[in-house]
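First comes the structure, then the notes that go with it.
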Amino acid sequence: MRIISKIVLVITSFIVVIAFSFSLMRYQSNRPLQAVTANNNFSQHAISVYDPSYLKLYHQYGLDLPSFYFSISNLALPYSYKYLPACDEKDFLIYWSCKTGNPDAIHKVYKSLIQFHNEEWRIPPSQVLQLQRLSRELLYTRNIDSFNNYYRQYTELLPKESLTFKAIASVNTINSSGAWKQWVPTFHLHSTNQFGLWFSDWWNNGNGIYSRSWISKSTVNSVIEKPLIITLIITLITIVVIIFYSIVIASELFLNKEKRIVDYILNVFHFLYSIPAFFVGAILIFIFANPYQLQLFPANFSFAPISENDSITILALLKSWKYFILPVITLSFGAIVFFTLMLYRSFEEEYAKNYVLSAKMMGINNRTIVYKYVLKNSLYSSSTFLFLLFPALLSGAVIVEQMFSIAGIGNLLITAARNQDIPILICLFGLIGLVTALCFVALDYFQQKIDGKLLSKKEEKE
Amino acid sequence: MKWGYKIILFFTLIAVMAPLLSNDKPILLISSGHLSFPFMNEEQIQIGENDFYIKPLIPYRAGASDFNNADFKSPFDSQNNSMFKRHWLGTTLRGCDVLAGIISGARYALIVGFCSALISLIIGLLLGAGSAFSNTGLMRLSWLQLLLLFPLLLFDFNVLFNVQASLIFKVLLFLVSIFLFFFIGRLNHKSTVGVKLNFEDFESQLTILFSSVPRLFFIVAIMGIFHQGILTLILLLGITGWMEIARVVRAEIHKIQSMDYYAAAKLSGASWMRITLKQLLPNLKPLMMAVFAFSFAGAIMSEASLSFLGFGLAADQVTWGSLILEGKESFHAWWLILFPGICLSLCLHALFSIARSWNNDNYSL
Numbered sequence: 141m142r143i144i145s146k147i148v149l150v151i152t153s154f155i156v157v158i159a160f161s162f163s164l165m166r167y168q169s170n171r172p173l174q175a176v177t178a179n180n181n182f183s184q185h186a187i188s189v190y191d192p193s194y195l196k197l198y199h200q201y202g203l204d205l206p207s208f209y210f211s212i213s214n215l216a217l218p219y220s221y222k223y224l225p226a227c228d229e230k231d232f233l234i235y236w237s238c239k240t241g242n243p244d245a246i247h248k249v250y251k252s253l254i255q256f257h258n259e260e261w262r263i264p265p266s267q268v269l270q271l272q273r274l275s276r277e278l279l280y281t282r283n284i285d286s287f288n289n290y291y292r293q294y295t296e297l298l299p300k301e302s303l304t305f306k307a308i309a310s311v312n313t314i315n316s317s318g319a320w321k322q323w324v325p326t327f328h329l330h331s332t333n334q335f336g337l338w339f340s341d342w343w344n345n346g347n348g349i350y351s352r353s354w355i356s357k358s359t360v361n362s363v364i365e366k367p368l369i370i371t372l373i374i375t376l377i378t379i380v381v382i383i384f385y386s387i388v389i390a391s392e393l394f395l396n397k398e399k400r401i402v403d404y405i406l407n408v409f410h411f412l413y414s415i416p417a418f419f420v421g422a423i424l425i426f427i428f429a430n431p432y433q434l435q436l437f438p439a440n441f442s443f444a445p446i447s448e449n450d451s452i453t454i455l456a457l458l459k460s461w462k463y464f465i466l467p468v469i470t471l472s473f474g475a476i477v478f479f480t481l482m483l484y485r486s487f488e489e490e491y492a493k494n495y496v497l498s499a500k501m502m503g504i505n506n507r508t509i510v511y512k513y514v515l516k517n518s519l520y521s522s523s524t525f526l527f528l529l530f531p532a533l534l535s536g537a538v539i540v541e542q543m544f545s546i547a548g549i550g551n552l553l554i555t556a557a558r559n560q561d562i563p564i565l566i567c568l569f570g571l572i573g574l575v576t577a578l579c580f581v582a583l584d585y586f587q588q589k590i591d592g593k594l595l596s597k598k599e600e601k602e
Numbered sequence: 004m005k006w007g008y009k010i011i012l013f014f015t016l017i018a019v020m021a022p023l024l025s026n027d028k029p030i031l032l033i034s035s036g037h038l039s040f041p042f043m044n045e046e047q048i049q050i051g052e053n054d055f056y057i058k059p060l061i062p063y064r065a066g067a068s069d070f071n072n073a074d075f076k077s078p079f080d081s082q083n084n085s086m087f088k089r090h091w092l093g094t095t096l097r098g099c100d101v102l103a104g105i106i107s108g109a110r111y112a113l114i115v116g117f118c119s120a121l122i123s124l125i126i127g128l129l130l131g132a133g134s135a136f137s138n139t140g141l142m143r144l145s146w147l148q149l150l151l152l153f154p155l156l157l158f159d160f161n162v163l164f165n166v167q168a169s170l171i172f173k174v175l176l177f178l179v180s181i182f183l184f185f186f187i188g189r190l191n192h193k194s195t196v197g198v199k200l201n202f203e204d205f206e207s208q209l210t211i212l213f214s215s216v217p218r219l220f221f222i223v224a225i226m227g228i229f230h231q232g233i234l235t236l237i238l239l240l241g242i243t244g245w246m247e248i249a250r251v252v253r254a255e256i257h258k259i260q261s262m263d264y265y266a267a268a269k270l271s272g273a274s275w276m277r278i279t280l281k282q283l284l285p286n287l288k289p290l291m292m293a294v295f296a297f298s299f300a301g302a303i304m305s306e307a308s309l310s311f312l313g314f315g316l317a318a319d320q321v322t323w324g325s326l327i328l329e330g331k332e333s334f335h336a337w338w339l340i341l342f343p344g345i346c347l348s349l350c351l352h353a354l355f356s357i358a359r360s361w362n363n364d365n366y367s368l
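Here the protein sequences line up with chains A and B, keeping their order.
Numbers in our numbering are just positions in the first sequence, counted from 1, shifted up by 140.
Numbers in our numbering are just positions in the second sequence, counted from 1, shifted up by 3.
As structure tokens, this is what we get:
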């Protein structure tokens with residue numbers, strides 16, 4: 141039950157994150173179409189704002205629509221104000237709709253008044269001026285009696301065969317019997333908005349134009365697919381490296397009998413923790429990938445066999461092992477230091493417990509105690525960190541991928557942010573939000589399970 | 004005084020005195036008997052031959068080019084300058100002085116870090132304390148109120164914006180509807196059926212929502228779209244940094260509430276204000292200091308990373324991250340990576356050690 145509620149929460153948070161990012165990107169300061177019209181960074185103003193084709197494109201990409209659209213109105217009014225014409229006429233319509241409670245009739249009257257000007261040739265010239273005056277009075281009067289009066293005069297003067305007359309003949313004499321309708325509120329959610337169009341398009345695998353990349357004009361899924369796989373590979377390798385090395389380093393430090401050396405190393409680790417990842421990466425590139433220094437490892441990931449072909453094969457992955465070394469070290473450096481310190485602290489806590497003492501009494505080797513029992517119990521307590529490692533590494537991948545020019549998610553994010561490629565940005569936001577939320581759910585499930593295990597063990601003992 | 008504070012004080016002094024330390028204008032100028040301080044003004048000045056002036060220690064402004072020493076002059080290279088005009092920590096591609104850049108970087112790092120940490124501390128403190136105190140169920144809605152909430156909101160909106168009536172009548176109706184809402188709650192507030200609108204739940208949902216997109220990811224995407232500037236950066240860093248603070252503050256207040264001295268103070272009839280001022284805040288202080296130092300360091304690190312990615316401050320504002328970025332582009336300018344990196348690491352390490360000194364056990368950093 142708890143898991144179901146968590147999953148519902150994940151879905152809602154996913155939608156809220158996407159909606160939030162969408163509305164943020166809607167209110168951007170620059171004009172969004174710069175990205176659509178520009179083919180590269182050097183021709184930002186490919187189409188002038190005053191060009192008619194600019195408006196056409198603006199309409200084509202649905203940017204003239206609101207980002208979200210719901211309306212709160214009442215029974216007397218039409219559902220939406222969107223299709224209403226300009227300001228004065230809108231006032232007229234709202235006013236008379238609320239007074240009479242009959243929006244359709246008012247709309248027809250309004251349409252007929254507009255149509256009148258197109259049918260002047262049917263009317264005798266002597267009456268044209270009078271009719272024009274009457275129509276103006278009708279549009280702007282705010283008195284129900286005078287409106288009915290003008291309306292009657294207007295219909296009497298119009299020739300019977302004109303379209304205007306036929307249109308408004310169907311409308312009965314307007315009365316205020318429906319005025320109560322204005323007090324009944326209605327809520328209407330409209331589907332023709334930017335977010336709705338984008339989401340339906342994305343759901344249908346990018347058949348339309350709304351969820352395609354504004355730069356490469358290809359679907360979001362095809363743009364994200366390969367970077368996602370590369371980032372996932374690097375992140376997974378990094379996670380394995382972090383867990384392995386931090387466990388080994390922490391256990392060996394803990395088993396070391398020379399406590400002065402261990403304290404010294406721990407102090408060094410405390411300092412290493414405050415070194416930012418990009419500084420580490422820059423130093424690594426400077427030393428190990430520098431043609432003037434040791435040129436041991438390549439620094440440019442874009443020359444790796446894995447990123448040259450469109451499809452990723454295991455052979456290409458194995459061939460490009462050299463290219464993974466520096467990025468993985470950079471990405472895992474801070475986390476290894478952090479996790480080692482954390483594990484060491486929880487080793488100290490666990491080692492003081494009674495089961496260690498009894499194991500010692502039994503004559504079990506100290507190394508076996510640490511690796512077999514203490515490590516297991518301290519990993520339980522630091523499982524929070526392990527589950528939140530994945531989103532943190534995705535965040536760190538932004539820097540590392542930019543540094544080693546890896547065509548991953550982080551690099552995609554940066555290019556999309558530079559070019560204001562909003563569909564890609566929104567999709568990345570949603571993806572990362574989903575991954576993080578899933579990690580939270582998995583963490584919750586895991587902790588619940590551990591608690592259940594511990595509880596059942598306690599119950600068995602009792 | 005511990006050495007962590009000394010380092011932060013040192014960087015703060017550098018940041019405060021940055022225009023006095025590195026500037027291309029003199030600090031003090033006496034020309035024809037008239038005393039002036041040109042370093043405080045923006046406009047250019049002309050120095051005559053007979054004028055008396057005192058130049059700053061580093062006669063360069065951060066980001067100003069010196070084309071005599073362009074193309075990455077190392078600190079040990081021979082430079083086309085006199086001894087007093089030497090670039091002590093080398094130059095960049097355009098001949099900008101690295102030492103001046105580091106001083107300006109200290110200024111930006113400390114301003115951005117302090118302000119955004121303050122913003123996140125305020126948000127986190129308010130939300131954390133609010134959610135810790137709201138578990139007594141201050142806001143409680145009955146089922147009738149819950150049923151009426153959405154229709155009443157719709158009705159009020161419709162009355163205020165869509166109905167044709169006089170303004171006084173509209174406002175009166177609005178006030179009456181609000182009164183009605185609370186009156187209904189007052190009528191059946193003893194009913195067991197109902198929903199407790201818990202601020203704690205709301206806060207935890209908000210925390211999950213805000214931490215679902217990683218900080219750097221969020222700021223890069225937003226900074227690419229909005230104008231890049233120091234105010235935007237401070238606001239974004241402040242808004243994205245409060246989650247941990249709120250969580251820790253909430254846990255700590257819960258812990259204090261379960262203590263004996265808190266119960267004793269309550270039993271002795273101390274007022275709410277007295278309990279807050281005498282019991283809660285003094286016991287919360289160490290944690291607040293630790294958390295503030297921690298988020299200060301996090302903000303500095305994020306600012307440097309963003310500058311390194313090119314999404315931080317504007318291009319003419321030199322920071323530690325932008326210096327390292329420039330050093331990374333060239334393969335032999337080690338001084339561009341090393342000196343700003345050491346400054347950054349020292350600053351972060353000092354802040355982390357301050358945070359660690361304020362709490363030893365209850366909050367792992």
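Note that the Cβ used here is the ideal one computed from N, Cα and C, for glycine as well.
Keep in mind that this is a model prediction, so the values were computed, not measured.
Chain-ordered chain A contacts of N362 of chain B [CB-CB under 8 Å]: Ordered by position in chain A, no residue passes the 8 Å Cβ test against N362 of chain B, which lies about 13 Å from the chain.
Who are the Cβ neighbours of F376 of chain B in its own chain at under 8 Å, not counting the five residues just before and after it? Outside the displayed span of chain B (4 to 368) sits residue 376 of chain B, for which this structure offers no information.
With the cut-off set at 9 Å, would you say L102 of chain B and I48 of chain B are in Cβ contact? no
In chain order, what residues of the same chain have a beta carbon less than 8 Å from the beta carbon of L636 of chain A, not counting five sequence neighbours either side? Not covered by the structure: residue 636 of chain A. The range shown for chain A is 141 to 602.
Between the C-alpha atoms of N72 of chain B and T480 of chain A, what's the straight-line distance to the nearest angstrom? 45 Å
So, is G604 of chain A buried or exposed, given that buried needs 16 or more other C-beta atoms within 10 angstroms? For chain A, the structure presents residues 141 to 602; residue 604 of chain A sits outside this window and is missing.
Are the C-beta of L351 of chain B and some C-beta of chain A separated by less than 9 Å? yes
Chain B within 9 Å of H410 of chain A, Cβ atoms only: yes
I need the straight-line Cα distance from G108 of chain B to F13 of chain B, nearest angstrom please. 14 Å
Using a Cβ-Cβ cut-off of 7 Å (strictly less than) and excluding sequence neighbours within five positions of Q320 of chain B, which residues of its own chain qualify? Y111
Would you mind telling me which residues of chain B sit closer than 7 Å to Y432 of chain A, beta carbon to beta carbon, in chain order? F334, H335
In whole angstroms, what separates the C-alpha of I171 of chain B from that of K321 of chain A? 21 Å
Label A18 of chain B either buried or exposed according to how many other C-beta atoms from any shown protein chain fall within 10 Å of its C-beta, with 16 as the threshold for buried. buried
What residue does the beta strand (DSSP E) around N214 of chain A start on, and which one ends it? 210-214
Contact with chain B by G536 of chain A, beta-carbon distance below 9 Å: yes
Straight-line CA distance for L233 of chain A to K239 of chain A? 10 Å
Straight-line Cα distance separating S215 of chain B from P206 of chain A: 26 Å
Assign L455 of chain A to buried or exposed, taking buried as 16 or more other Cβ atoms, counted over all protein chains shown, within 10 Å of its Cβ. exposed
Quick one: give me the first and last residue of the beta strand (DSSP E) that L32 of chain B is part of. 31-34
Please classify Y264 of chain B: is it buried, with 16 or more other beta-carbons within 10 angstroms of its beta-carbon, or exposed? exposed
Looking only at its own chain, which residues have a Cβ that is under 7 Å from the Cβ of P343 of chain B, when we skip the five neighbours before and after it? I105, G108, W323, L326, I327
Decide yes or no for the touch test of the stretch 422-432 of chain A against the stretch 499-510 of chain A: beta carbon pairs closer than 8 Å, at least 3 of them. no
Is L529 of chain A near I379 of chain A, with beta carbons less than 9 Å apart? yes
Shorter than 9 Å from the beta carbon of S460 of chain A to some beta carbon of chain B? no
Chain B contact residues for I370 of chain A, given Cβ-Cβ distances below 7 Å: Going along chain B, no residue has its Cβ under 7 Å from I370 of chain A, so there is no contact; the nearest lies around 17 Å.
Strictly below 7 Å CB to CB, what residues from chain B border I425 of chain A? The contacting residues are K331.
Sheet register partners of F55 of chain B (DSSP bridge): B:I33
Segment limits, alpha helix (DSSP H) that includes P265 of chain A: 265-280
Residues of its chain near N170 of chain A, where Cβ-Cβ distance is below 6 Å and the 5 sequence neighbours each way are ignored: Any reading at N170 of chain A is ruled out, since the residue's pLDDT is 49, under 50, leaving its predicted position unreliable.
I want to see whether chain A comes within less than 9 Å of P217 of chain B, judged by CB atoms only; does it? Closer than 9 Å: yes.
Closer than 9 Å, CB to CB, is Y366 of chain B near chain A or not? With a pLDDT of 46 at Y366 of chain B, under the threshold of 50, the modelled position of that residue is not reliable, and the figure given next carries that caveat. No, Y366 of chain B lies away from the interface with chain A (no Cβ there is under 9 Å from its Cβ).
Would you call K331 of chain B buried or exposed, if buried means 16 or more other Cβ atoms sit within 10 Å of its Cβ? buried
Beta-carbon gap between Q316 of chain B and G93 of chain B smaller than 9 Å: Here residue 316 of chain B turns out to be Leu, not Gln, going by the sequence shown. Their beta carbons are not under 9 Å apart, which means L316 of chain B does not touch G93 of chain B by this criterion.
Could you check whether the Cβ of G344 of chain B sits closer than 9 Å to any Cβ belonging to chain A? yes
Tell me which residues share the same chain as S542 of chain A and place their Cβ nearer than 7 Å to its Cβ, disregarding the 5 neighbours each side in the sequence. Sequence check: residue 542 of chain A is Gln here, not Ser. Answer for Q542 of chain A: G550, N551, I554, listed in chain order.
Please confirm if W323 of chain A has its CB atom under 9 Å from at least one CB of chain B. yes
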